[in-house]
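Structure record follows, encoded as structure tokens.
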Amino acid sequence: MENKQELIHRLKEQIIKQLKLENKRPEDIGDHDPLFVDGLGLDSIDALELIVLLQQEYNIKLRSAEEGQDVFRSIDTMADYILEHSA
Amino acid sequence: MHITAAVIVRDGVIVKDEAVIYRSSEEGGTFIKAAYEELEMDYPRFYKMDLLSKTGTVAVDVLLRDHAGFEACRPETAGMVLSNRNASIEADVQYLEASKAYPSPALFVYTLPNIVIGEISIRYRFKGENAFFVSDAFDADWIHWYVTDLMQRNLLKVCICGWIDVLEEQLDACLFLVEPAPAQTGTAFTVENLCSIYNKNYGK
């Protein structure tokens, strides 16, 4: 398994591609920036796409919608969750 | 009632009130993205949209540029009445294809043609009456009757109406801005004038 910094960089690239953030580069997204509203400005449809991304790329299913609020707080929290739940 | 502005997006050109605003040999998605960048529209949500919504967003941006009257009206009195032949078929097919692997929520939301109205309303905060009709061809009689009814009953003060269709990367949009007060540069809102503007050809 790659280390956390490598995972964070790959996650940023995947999010830019999956969410069609064509005006963003990985370096534009801070590891601890909020993903929703004031930060990256994602919306509820993007949240669903993030759930699909976790399933598709990492074979991880969220246990509940409430869990998503913590997992998708930032790229850093997403990376922690992936590392914790990867087989 | 008057047509105070009209925009055509078709055959590699964007025309506003008979003036060519943008011309390119590109087609479909490449054309509309290049136009978005050339026109310096700053609206990152554009990149997430399907081709129908992208076309509508660029067309309305051009339609409303330098049009102070529209900005002055209350959001509740600004509405849209659009129509096309192929509904959301492009987005429908994309979603179907993507679903063979994983269903994409971001593609699914565009599998209705009236989403283009939603996208434009989000950008400009329109809250007035709106409708999207599907017909074989541009039905100027119906659009004229429907918009006239909405405006005569004071449900709308201003209305964007017309045709917006996408099939196999071919864009065909003709949008009209309709307002009640006579404007210096306005054209009477009649079936004949709708047809006349819609049928103009600015192609390559």
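Residue numbers (the numbering used here), protein chains in the order written: chain A, 1 to 87; chain B, 88 to 291.
Positions of the beta carbon are idealized from the N, C-alpha and C atoms, including for glycine.
So, are the CB atoms of residue i and residue j less than 8 Å apart?
i	j	result
B:Cys248	B:Phe263	yes
A:Ala79	A:Leu11	yes
B:Asp137	B:Ala174	no
B:Gly273	B:Gly215	no
B:Val180	B:His231	no
A:Gln18	A:Glu66	no
B:Phe219	B:Ile204	yes
B:Lys135	B:Ala193	yes
Quick one: residues in its chain with C-beta nearer than 6 Å to the C-beta of residue i, no 5 flanking neighbours on either side, listed in chain order?
i	result
B:Cys160	Lys244 and Val245
A:Gly39	Asp33
B:Glu256	Glu114 and Gly115
B:Val100	Val107, Arg110 and Tyr289
B:Thr164	Gly215, Leu243 and Lys244
Within a Cβ cutoff of 8 Å, which residues of the same chain sit near residue i, ignoring the five residues on either side of it in sequence?
i	result
A:Glu2	Arg10
B:Ile209	Arg132
B:Asn280	Ile90 and Thr274
B:Lys141	Gly116, Ile119, Lys120, Tyr123 and Phe133
Report back the beta-carbon spacing between residue i and residue j to the nearest angstrom; my notes put them in contact at under 8 Å.
i	j	result
B:Ile95	B:Ala260	7 Å
A:Ile92	A:Asp43	What the structure shows of chain A is the stretch from 1 to 87, and residue 92 of chain A is not part of that stretch, so it cannot be assessed.
B:Ala122	B:Val145	5 Å
A:Ile51	A:Leu62	6 Å
B:Ile284	B:Gly143	In fact, because the Cβ distance is near 17 Å, the residues do not count as touching under 8 Å.
B:Leu139	B:Val253	5 Å
Give me the DSSP bridge partner(s) of residue i.
i	result
B:Tyr109	B:Ile101
B:Ile90	B:Val265 and B:Thr274
B:Phe220	B:Ser170
Which same chain residues, not among the five before or five after residue i, have their C-beta less than 7 Å away from its C-beta?
i	result
B:Ala92	Lys103, Asp104, Leu150, His154 and Leu264
A:Tyr58	Ile82 and Ser86
For the segment 176 to 206 of chain B, which residues have a CB atom closer than 8 Å to at least one CB atom of chain A, in sequence order? Hits within the stretch, in order: Ala188, Tyr189, Pro190, Ser191, Pro192, Ala193 and Val196.
By the 9 Å beta-carbon criterion, what residues does the segment 11 to 27 of chain A contribute toward chain B? Gln18, Leu19, Lys20, Leu21, Glu22, Asn23 and Lys24
Quick one: which residues of the segment 118 to 152 of chain B get their C-beta closer than 7 Å to a C-beta of chain A? List them in chain order. Against chain A - using a Cβ distance shorter than 7 Å - the residues of the segment 118 to 152 of chain B are Pro131, Tyr134 and Lys135.
Mind checking the segment 48 to 61 of chain A against chain B and listing, in chain order, the residues whose C-beta falls within less than 8 Å of any C-beta there? Result list: Leu48, Glu49, Val52, Gln55 and Gln56.
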